[in-house]
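Peer 1: Protein chains in written order, with the working numbering: chain A, 12 to 176; chain B, 1407 to 1901. Here a beta-carbon is modelled for each residue, glycine too, at the ideal position from N, C-alpha and C.
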Amino acid sequence: MSESPRNDAGAASRAPAVGDLAFAGAIIALAAVVWIGTADLPPPRYEPIGSAAIPRGVALLMAFLALLLGVRALRTGGEASVGEPVSRRAAATAVVLIAATLIYVALMDARLVGFRVATIPFLTVCGILLGGFRLRNAVTALIFAAALTLVLHFVFTQFFYIDLP
Amino acid sequence: MFDAFLALAAPWPVFYLIIGTALGIVVGSIPGLTASMLIALTLPLTFSMSPTNAMTLLIGEYVGGISGGLIAATLMRMPGTPASIMTTFDGFPMAQRGAGERALSLGVMASFVGGLISWGFLALLSPPLARLALTFGPWEYFTLVLMALVMLASLSQGSMLKGLIAACLGVLLAMPGIDPSIGQLRLTFGFNDMTGGLSLLPVLIGTFAVSQILKDILTIEKPLPKVTVSRKGVALRWSDIRMHGGNLARSGVIGTWIGILPGIGGNIAAMMAYATARQVSKTPKKFGTGHEPGVVAAETANNASIGGALIPLITMGIPGSVTEAILIGALIIHNLQPGPLLFVTNPEIAYGVIASYLAANVVMVVMMLASISYIAKLMYLPRAYLLTAILLFCVVGTFALNNRFFDVWVMLAFGAIGFALERVKVPLGPFVIGFVLSPIAEEQLRSAAMSSGGDFTAIFTRPFATAFLIVSLVTLVWPFLAARRQAKRATQERQ
């Protein structure tokens, strides 16, 4: 019985350490990518530093600092993550919204649909996801989506002379 | 300067000033939306404007955004912007005991006076500082940028180690594309779209707007408390200014000074002014319980920090905070070179920024006193529609930059990066400022190395460059020495 709070405390301190360790790992990996990506750049010819030295220097420094952060996270448990705990529903909403955004942009990027055709359903889905699954909200979201899309399309194409997809 | 005020009196600048300040106040008053997010989102709309009008709009948004934060901080205990955190300490208790209108009017007055004080410093210090900066060569510029980055990383909130990593990450992510010195392609990994590198605007919009939307979605279920403000109580008297005169002047100077230092920002300015006001007060125990000087100190300092931060921005091209980094981006997008030459090549812009700052403060005080009860209602705009509309503006605004979807993907990626960085407590300030200053730093270092034939000891023949380097080193080492000394003292006390 007496061990349970200690285990909770242990789990709480391990969770932030995982965040710091993952961040340090990602930074070291990025530094490695930069190091490899600059490997085939020509040596300096017209000036003493060259194109590769600064990215490589910064990558090395960044990897060193990330290593220090990783060691600190292992020794002290790192820092707690930011913000309040997130509910499962909010997290699921965020995931669906991100997926909807990616699909929306991908469809327009692939020229499968135009701006108006893609944006009205996208905004409606977002409005329903964030505002709640009720008929009244769905209708409001649809009207809002149609109005905003058409106004934005008009402003960008007629006022700023920017061709939207 | 007089010409700048004259130019500002034309119909379009007045229109942009009013629109910018109004938008800033509205966005600042809505919890979860920030001035930097608004400015980043507005940038694409400024392409078709003259640089003067664009800067007028953005300065109006900045001043309005910081001032608007006071409303939600006072009425809901939710700082509309991070700079208003200290206002919640006394503003909210005042609102709870029925003096919300009084707290708001004091806050508006304090914001205005803070703006006036820092405008005085901005107008007086900027021209001579710019003249001094004109004598700087590449070594001075490189060490100045280095000093700004180191100060930003060490003084920004949270771990210094994470601040330094964030600055390095920002610097590194600005490097893909064409090398600024010899035109060599690097780090493009075979993608043609990467030839021009990562554009500033998608990075800014992603880091500040998209990541903020993600954060807000996670808290969208949280209901906002209902409060009302009557117009009757929102009035100011001359006696109010006399009563708080000393506090206003002191907090204004503290705010301006903190604003000049890179990376500290309005929230720390407000914190320091609040702490000082409490220290010198005869009734320090009243602070935090709804004490008027608390609201005055916090609001004076956070607004004064804007004018302070504009000083290094227009004289040297060094951003003091995230919002200034975005303003630098606005200058670059309009093909203007931020720095001391701005006073020589485009004096209308340099003096225009100074004049706009004063005018935006005047517009802000008039607007807020006249309509604060209505603005308070905007806090309850349905966030479901607000957030989706902002997300759409992010996509369309970024696409409009170059008419290509690559920028939109970059924006979304940086939205995820910004969100992830904040979750692991990595400050975004050093990251974005590193990204903005990286090309300048590299160009200056390489031309300095070229002029000295690769001899890096030449840095020590330049007094300013040496001084900047020493300040950087001291800023870097000092926190470690202080922590070590503290640990030693703690051990001695235990023994």
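1) ILE60(A) CB to nearest chain B CB: under 8 Å?
2) So is VAL106(A) buried or exposed if we call it buried at 16+ other beta carbons inside 10 Å?
3) Does VAL1420(B) come out as helix, strand or coil in the three-state DSSP assignment?
4) Count the CB pairs spanning the segment 1866 to 1879 of chain B and the segment 1535 to 1555 of chain B that are closer than 8 Å, and state whether there are at least three.
5) Check each candidate in VAL44(A), ALA37(A), GLY36(A) and PRO53(A) and name the one with the smallest Cα separation from GLN1590(B).
6) So, using beta-carbon positions, are LEU1798(B) and THR130(A) closer together than 8 Å?
7) Compare the C-alpha of SER1587(B) against each of ALA1855(B), LEU1575(B) and ILE1738(B) and name the closest.
8) Find the residues of chain B that neighbour PRO66(A), judging by a C-beta separation of less than 8 Å, and give them in chain order.
9) Alpha carbon to alpha carbon, how far is LEU1512(B) from LEU1716(B)?
10) What in chain B is Cβ-close to ALA2(A), meaning under 9 Å?
11) Per DSSP, what are the beta-bridge partners of ARG1592(B) in this structure?
12) Within the 8 Å Cβ cut-off, does SER154(A) reach chain B?
13) Please identify, using Cβ separations under 8 Å, the residues of the segment 94 to 107 of chain A that lie next to chain B, in order along the chain.
14) Where does the unbroken alpha helix (DSSP H) through GLY1516(B) begin, and where does it stop?
15) GLU1507(B): buried (16+ other C-beta within 10 angstroms of its C-beta) or exposed?
16) Do the CB positions of GLY61(A) and PHE1595(B) come within less than 8 Å of each other?
17) Along the chain, where does the alpha helix (DSSP H) containing GLY1400(B) start, and where does it finish?
18) Could you work out which residues of chain A lie near GLY1860(B), taking near to mean beta carbons separated by less than 7 Å?
19) Given that MET1482(B) touches chain E, what residues does it touch there, using C-beta distances under 9 Å?
20) At what residue ranges does the segment 1430 to 1482 of chain B contain a whole run of the alpha helix (DSSP H), taking only runs of 4 or more?
21) Is the distance from the Cβ of SER1517(B) to the Cβ of MET1770(B) below 8 Å?
22) Just tell me which of ARG1789(B), GLY1713(B), ASP1409(B) and LEU1606(B) has its CA closest to the CA of GLU1621(B).
23) Can LEU1818(B) and GLY1612(B) be called in contact, C-beta distance under 8 Å?
24) Around the C-beta of PRO96(A), are 16 or more other C-beta atoms found within 10 angstroms, so that it is buried, or is it exposed?
25) Which residues in chain A sit within 9 Å of MET1856(B), going by Cβ to Cβ distance?
26) With three or more beta-carbon pairs closer than 8 Å as the criterion, would you say the segment 1751 to 1769 of chain B touches the segment 1458 to 1469 of chain B?
27) Going by CA-CA distance only, name the one from GLY1426(B), THR1452(B), ALA1416(B) and GLY1651(B) that's closest to TYR1763(B).
28) Find out if the Cβ-Cβ distance for the pair LEU1593(B), VAL45(A) is shorter than 8 Å.
29) For GLU1698(B), name the three-state secondary structure that DSSP assigns.
30) Do ILE1846(B) and LEU1510(B) have their C-beta atoms closer together than 8 Å?
31) For PRO53(A), go through chain B and note every residue whose CB falls closer than 8 Å to its CB, in chain order.
32) So if I threshold CB-CB distances at 7 Å, which residues from the segment 160 to 171 of chain A count as touching chain B?
33) Can you grab the Cα-Cα spacing for the pair SER1442(B) / THR1897(B), in whole Å?
34) In chain order, what residues of the same chain have a beta carbon less than 6 Å from the beta carbon of GLN1618(B), not counting five sequence neighbours either side?
35) Look up LYS1628(B) in the DSSP assignment and say whether it is helix, strand or coil.
36) Whose Cβ in chain A lies nearer than 7 Å to the Cβ of THR1881(B)?
Peer 2: To lay it out plainly:
1) yes
2) exposed
3) The answer is helix: DSSP assigns VAL1420(B) an H, G or I state.
4) Cβ pair count under 8 Å is three or more, so yes.
5) PRO53(A)
6) yes
7) ALA1855(B)
8) LEU1578, MET1581, ARG1592 and LEU1593
9) Distance between the alpha carbons of LEU1512(B) and LEU1716(B) is about 25 Å.
10) Any property of residue 2(A) remains undetermined from this structure, which presents chain A solely from 12 to 176.
11) BP columns for ARG1592(B) point to GLY1583(B).
12) Note that residue 154(A) is Ile in the sequence shown, not Ser. It does not; no Cβ of chain B falls within 8 Å.
13) GLY94, GLU95, VAL97, SER98, ARG100, ALA101, ALA102, THR104 and ALA105
14) In the sequence as presented, Gly is not what sits at residue 1516(B); that position holds Ala. Element bounds for ALA1516(B): 1506 to 1539.
15) When all chains shown are included, GLU1507(B) counts as buried.
16) Between GLY61(A) and PHE1595(B), the C-beta gap is not smaller than 8 Å, which leaves the two residues out of contact.
17) An answer regarding residue 1400(B) cannot be provided, because it is not within the stretch 1407 to 1901 covered by chain B.
18) The contacting residues are PRO59.
19) Looking for chain E here will not work: the only protein chains present are A and B.
20) Qualifying alpha helix (DSSP H) stretches, in chain order: 1441 to 1448 and 1457 to 1482.
21) Judged by beta-carbon spacing, MET1770(B) lies within the 8 Å limit of SER1517(B), meaning their Cβ atoms are closer than that value.
22) At residue 1621(B) the sequence reads Lys, which differs from the Glu that was named. That would be ARG1789(B), whose Cα lies nearest to the Cα of LYS1621(B).
23) yes
24) exposed
25) TYR57, GLU58, PRO59 and ILE60
26) yes
27) GLY1426(B)
28) Yes, the pair counts as a contact, with Cβ atoms nearer than the cut-off.
29) helix
30) no
31) GLN1590
32) LEU163, PHE167 and PHE171
33) 44 Å
34) MET1443
35) coil
36) Chain-order list of chain A residues neighbouring THR1881(B): empty, with the shortest C-beta distance near 16 Å, by a criterion of under 7 Å.
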